[in-house]
Structure formats: C-alpha cells, structure tokens
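Mapped onto the UniProt record's numbering, the consecutive letters of the sequence shown carry residue numbers 1 to 534. Positions of the beta carbon are idealized from the N, C-alpha and C atoms, including for glycine. Note that this is a predicted model, so its numbers are computed, not measured. Remarks on the structure that follows.
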Amino acid sequence: MPKNRSIHFIGISGTAMASLARAFKIAGFKITGSEAEHIFPPMSNYLVKNKIRYYAPFNADKVGKPDEIVIGNAHYSAENPEVAYARKHNIELEHFPRFIEKYLIKKNSVVVAGTYAKTTTTAMLAWVLDKSGKNPNYMLGGIPINFQHGAGLASSDWSVVEGDEYPAASPWDFSPKFDFYHPKFLLLTSAEWDHMDIFKTKKSYLDAFKKLVASVPKDGLIVAKIDGENLREVLKSAKCKIILYAGCHPELLKGMNDPVFSKKNFYYIDHIKINGKITEFVLKKYNHYSVIPRSSATLALPVIPAQAGIPSAKHRILNQRKIASGNLSQDDKSALDENIIIGKFTTQLLGKFNLENWCGALALALELGAPVKILQKAVADFKGVKRRLEIRAQKNGVTIIDDFAHSPSKAKQSVMALKIHFPKEKIYVIFEPNRGGRSIKCLKSYNNVFKGVNKIFIPKLSNYKPKPGVIDVSGAELAQYLSQTHKNVSYEENNEKILAWLKTHAKKNTLIAFLGSRDFGGMIEKMINKIKTK
Numbered sequence: 001m002p003k004n005r006s007i008h009f010i011g012i013s014g015t016a017m018a019s020l021a022r023a024f025k026i027a028g029f030k031i032t033g034s035e036a037e038h039i040f041p042p043m044s045n046y047l048v049k050n051k052i053r054y055y056a057p058f059n060a061d062k063v064g065k066p067d068e069i070v071i072g073n074a075h076y077s078a079e080n081p082e083v084a085y086a087r088k089h090n091i092e093l094e095h096f097p098r099f100i101e102k103y104l105i106k107k108n109s110v111v112v113a114g115t116y117a118k119t120t121t122t123a124m125l126a127w128v129l130d131k132s133g134k135n136p137n138y139m140l141g142g143i144p145i146n147f148q149h150g151a152g153l154a155s156s157d158w159s160v161v162e163g164d165e166y167p168a169a170s171p172w173d174f175s176p177k178f179d180f181y182h183p184k185f186l187l188l189t190s191a192e193w194d195h196m197d198i199f200k201t202k203k204s205y206l207d208a209f210k211k212l213v214a215s216v217p218k219d220g221l222i223v224a225k226i227d228g229e230n231l232r233e234v235l236k237s238a239k240c241k242i243i244l245y246a247g248c249h250p251e252l253l254k255g256m257n258d259p260v261f262s263k264k265n266f267y268y269i270d271h272i273k274i275n276g277k278i279t280e281f282v283l284k285k286y287n288h289y290s291v292i293p294r295s296s297a298t299l300a301l302p303v304i305p306a307q308a309g310i311p312s313a314k315h316r317i318l319n320q321r322k323i324a325s326g327n328l329s330q331d332d333k334s335a336l337d338e339n340i341i342i343g344k345f346t347t348q349l350l351g352k353f354n355l356e357n358w359c360g361a362l363a364l365a366l367e368l369g370a371p372v373k374i375l376q377k378a379v380a381d382f383k384g385v386k387r388r389l390e391i392r393a394q395k396n397g398v399t400i401i402d403d404f405a406h407s408p409s410k411a412k413q414s415v416m417a418l419k420i421h422f423p424k425e426k427i428y429v430i431f432e433p434n435r436g437g438r439s440i441k442c443l444k445s446y447n448n449v450f451k452g453v454n455k456i457f458i459p460k461l462s463n464y465k466p467k468p469g470v471i472d473v474s475g476a477e478l479a480q481y482l483s484q485t486h487k488n489v490s491y492e493e494n495n496e497k498i499l500a501w502l503k504t505h506a507k508k509n510t511l512i513a514f515l516g517s518r519d520f521g522g523m524i525e526k527m528i529n530k531i532k533t534k
C-alpha cells in the first residue's frame, strides 16, 4: 500500500467514512474531509479525537491538491463544488466501494451480504477471525465496541467487509456496492426485496444477489441461512460449496425440500438458556451425508431420524462430559456424526436473531479452521456494535436502548428481542424510519411490528428528498396507519413533549427504546441525563 499520499473524504461524517479516514491516517496517509453541513457529536468528537481536519460546508477553495478524493454515496452530484473541482484539476476521484476494493480487499475476501444482519455479523466475523490469528482488514457500517472503530487495516491476506446491495454511487454508478468486494467466502443472511426506490421489481433485486453468488469462485465457500428469504432461488447461481445455518434445530424447519439444499452440511443452535442479558447456547453441526439413508439420498435437508430430538445414551454422556469444555475429540465427533456437538457458547448480545448471526459467523469461522476454544472465548468477550440494541443506560429500574432499527423488519426483530430479555418491563418506543420505511408500498409491513409495546411515538421525521415516482407517507400518516393494529400510538413533532411524557412515565421496570438511524434530536442523551440524576 502506498504511503504518504494525501486523501480527501467528501462526506466524512458517515460512520464508515470517518472510520476509514482514521484507519488511513494511522497508516501514514495525510487525511482531510468535508461535509455538506455542520457535523454534530458524536461524529465531530470522533474526528477531533483522531486529529482529522475537516470543514463544512463543501468548498472547492479548501480542497487543495490531494492525490485522491473519496466520495460518500449521498454526495455525488454534478452540483457538488468539490466534485467539479476534482474533475477540473484531474484529481483521482473514487466512490467509496471502489476505494475499498483498491485498498482493503485481500486475496481471502470475506463478505457478509443480505437484507439484514450485515453489520453485526460482519463485526462478529472480524472479531473472531482476528482472535483466531487471521488479522484481517475490516470495514462495516457501524462501530464494533471491541474494536472501537468501523474500519481497520492489517498486514495479512484476509479482509472482512460488509457487502451492501445499495448502488455504489448513484447516479454515477448503479452497481451494488458488493460487486466491488470479490468474495472468496460469502456469508448470506437473506434476500428480502428491499430498497424499492432503486430496485423497482423483486426480480431486479434478486438478480443483484444472483450475480454476487455466481461471482464466488469454485474453490470458495458460501455460508447461507437456510430460511433466509429468497435464498433458495438465489443460491441456484452458486458454483462453489455451500454450508447452511439457522438459529434452531433443523427439525423445526418445515418444507425445505428443495434440491438446492440437498447434501449440505448444516450448523444450528440448540439448548438455548437466557439469563437476563446473558444467553447460553450449544452450537451443533448436522452432517447430511451420514444421516440420510441410501434410499432417500435425493431428499433435501433437513431430513433427520424420527428419534433425532431424543439424545441417545452415548449422546447424553458426551453432553455431560464434553459440552462444558467444548473440547470434542475427532473420535467423539465421529460417534455423533449425525448430530455433532461443536461446543457451548455464551453471548452478551440480545435477541434470537443474534443467535442466528452467531450461528452463521461461527459456521464460517469453523470452516476456515478457527479453533473451538478460541471461538468460545471470542464470543463471550464480544460486546456488539454501537446502536445495535445497545444498552445506553440503566438506573433505578429504567433501561434506555439505542438501536439502528429503521425499517419494519428490523424494528420487529428488535421489539421481539426486548420482550424476551426484559419480560417484566413496560416498553416505550420512539421510532423513526429511514427513507425505505416511509414508502406507501411498505405500510402493510408494519402490521403488528410493535405488538406488546406499551407506547409508540413517531417523532417529526428527518427530511429526505423523495425519489422520483416514490410516494412517501408523513409521520402523522404512519402513526395513523399503525393505530389500526397497535394501541397507544402518537405522532408528536415536538421532541420536548415526547421527553416530558417519557420523564413522567420513566419509573421502575420501564424500558425506553429509540429505534432508528438518526440522532433523535438529542433526546437519547437528555433521557440518559434524566435517569442518572434521579
């Protein structure tokens, strides 16, 4: 990697852009940045702490003569004065994914893609592979608490990146971002039609994933969630080995009789025990080849013996003797090849969906040779990603959660997790959807998303310029629609009124969850200060 080059980041306040700027500064590059408007905390604090010089608004006179300019997706426009300046002066101009391709992607490229769970699963993989000695470059759209930064540069031939299907730099380049990351190892969570403002049809959305799957070389590997939306269709394009995973016993998955899934090894989670904020689970591997009788060889996974849910005597002995240590010998594994016990794990992360994420991440790590004992410690030590069901404060029986859930599907998963881990608490939610969650097309997706929540606030929505031909609903209209399937829904433009209500009702056994990708106008910090000074 060339050193002593100067790089200017247009749109530096994004989490990934700021983290990348910091990584390259540490690597010896001269870094500057700019933003469309004033940068607020916490990102302004992050840039200052890492001694990265930036300014706002965009100003061609301040760019200087960098060797290279990187531009964030939201800021590519012929009207951007800094873009025009770069073109006029023949300065190398790269969009974000191509910059990642150029500097971060390595020979052993690990990419996590799918409609959901990308950021957390990428962080999991980067962490466990780092602890397993791979020492990868990494990049994701969040801040892993263990790493404290969303991007890092290393000296190995491994990289782990979050692969987004969103266009690299519209209207400059409509290629999905993950087209630039060249996975040799792909973890695929789902392909549920999303970004309908970009992908006008379900087919166009799935075609992007089919192209990604087909790009994995024959000597590569795909680890896919067995019940991930539309993956049976997408995986038909694969030409490499496929491993499957899920968050439950295969016996619980019905109707998976598709030839695409036949003769595949399968990782799954069993023996789940939730103790407050800590969850224990056992990771198992189901060997398809050793279980299915010859006469049934064409049947698809999962096909398991009628008594597979009832452990044999030898199985029970091995459970008692080996699960706690996680130290299964090859002989032990062979004896249990119809239901191989990998080991017992403990995680700090909340929610069933995070068990599924761990299952996928561990499946890939194990296939890449990571030792079980190291993985067990890495999982126990992993603290998650900021703003992913992050517990920001707990005092006097009041818990405040900050979560990135900005769409119906993400909000539903988060609410389910909160109800499981905080069964006695009253739950109050403040929800702000991103652009995709405001489309009139997705309103039906909100049915029963907040089931069991005691109060729902929709605040004044942040401004987005609607995409041509896309009809968005207002905050008031969204609240009105939610009221058809939920109780106690309010639209409130005045944040102070929301805070006043929350402060009045913030009593013992209360959980307040802010769901969305924006900053909620400082409400989170104000509520934290309120409960800490009670």
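Looking at C-alpha atoms only, which residue of the options is the closest neighbour of residue i?
i: Asp207; options: Glu233, Asn509 and Pro183; result: Glu233
i: Glu229; options: Ser204, Asp219 and Glu192; result: Glu192
i: Leu129; options: His8, Ile524 and Ala361; result: Ala361
i: Ile242; options: Phe457, Gly521 and Ala224; result: Ala224
i: Ala197; options: Ala169, Lys441 and Gly521; result: Here residue 197 is Asp; the residue named in the question, Ala, does not match the sequence. The residue with the shortest Cα to Cα distance from Asp197 is Lys441.
i: Arg392; options: Gly142, Thr346, Gln376 and Ala513; result: Ala513
i: Ile143; options: Gly133, Lys131, Ala123 and Ala154; result: Ala123
i: Leu187; options: Leu350, Leu482, Ile91 and Ala363; result: Ala363
i: Asp194; options: Tyr103, Asn434 and Lys507; result: Asn434
i: Gln504; options: Ile531, Gly516 and Thr485; result: Here residue 504 is Thr; the residue named in the question, Gln, does not match the sequence. Ranking the options by Cα distance to Thr504, first place goes to Ile531.
i: Ile341; options: Ile401, Leu20, Tyr268 and Asn73; result: Tyr268
i: His95; options: Thr119, Tyr116 and Trp172; result: Trp172
i: Phe178; options: Glu162, His486 and Asn454; result: Glu162
i: Arg5; options: Phe24, Ile12, Leu20 and Ser13; result: Phe24
i: Phe422; options: Lys508, Ala500 and Asn108; result: Lys508
i: Ala380; options: Ile278, Ala214 and Leu140; result: Ile278
i: Arg438; options: Ala417, Ser155, Ser462 and Glu165; result: Ser462
i: Asn73; options: Tyr166, Gly64, Leu221 and Ala214; result: Tyr166
i: residue 537; options: Ile7, Met43 and Lys51; result: Residue 537 lies beyond the range of the chain shown here (1 to 534); nothing can be said about it.
i: Gly384; options: Ile430, Asn146, Glu525 and Tyr446; result: Asn146
i: Gly276; options: Tyr103, Ile498 and Ala417; result: Ala417
i: Val213; options: Cys240, Lys203, Ser204 and Lys202; result: Cys240
Within 10 angstroms of its Cβ, does residue i collect 16 or more other Cβ (buried), or is it exposed?
i: Ile10; result: buried
i: Ala324; result: Residue confidence is low: Ala324 scores 43 on pLDDT, short of 50, so the model does not pin down where it sits. No coordinate-derived value is stated.
i: Ala78; result: exposed
i: Ser474; result: exposed
i: Asp157; result: exposed
i: Ala365; result: buried
i: Ala84; result: exposed
i: Asn533; result: Just to set this straight, residue 533 is Thr in the shown sequence, not Asn. Classification of Thr533: exposed, given that the 10 Å Cβ count is below 16.
i: Phe40; result: exposed
i: Phe345; result: buried
i: Ile471; result: exposed
i: Val48; result: exposed
i: Ser334; result: Because Ser334 sits at a pLDDT of 47, beneath the cut-off of 50, its placement in the model cannot be relied upon, and the following sentence gives the value as read from the coordinates. When all chains shown are included, Ser334 counts as exposed.
i: Asn45; result: exposed
i: His38; result: exposed
i: Arg496; result: Residue 496 is actually Glu in this sequence, not Arg. Glu496 is exposed by the Cβ-count criterion.
i: Gln484; result: exposed
i: Glu493; result: exposed
i: Ala238; result: buried
i: Ile12; result: buried
i: Ala18; result: buried
i: Glu92; result: exposed
i: Lys285; result: buried
i: Thr201; result: exposed
Taking 9 Å as the cut-off, decide whether the C-beta atoms of residue i and residue j are in contact.
i: Val111; j: Pro183; result: yes
i: Lys419; j: Val449; result: no
i: Ala168; j: Ser159; result: no
i: Ser517; j: Arg388; result: no
i: Ser407; j: Ile458; result: no
i: Ile427; j: Val415; result: yes
i: Leu153; j: Ile26; result: yes
i: Ala21; j: Gly33; result: yes
i: Met527; j: Ala506; result: yes
i: Gly369; j: Ser132; result: yes
i: Phe199; j: Ala113; result: no
i: Thr347; j: Phe281; result: yes
i: Trp501; j: Lys455; result: yes
i: Ile226; j: Phe266; result: yes
Below 8 Å on the Cβ atoms is my contact criterion, and I expect residue i with residue j to pass it. Report the Cβ-Cβ distance as a whole number of Å.
i: Glu356; j: Gly247; result: 4 Å
i: Ile100; j: Ala86; result: That belief does not hold up - the Cβ atoms of Ile100 and Ala86 are roughly 19 Å apart, past 8 Å.
Which runs of the beta strand (DSSP E), 3 residues or longer, sit entirely within the UniProt domain "Mur ligase central" (112-246)?
-> 137-139, 158-163, 167-169, 173-176, 185-188, 221-225 and 241-245
Starting from the N-terminal side, write out each stretch of the beta strand (DSSP E) that is 3 residues or longer and does not extend beyond the segment 486-530.
-> 489-492 and 510-515
Uninterrupted beta strand (DSSP E) stretches inside the segment 355-422 (no shorter than 3 residues) | Counting whole runs of 3 or more residues, the segment 355-422 contains the beta strand (DSSP E) stretches 390-395 and 398-403.
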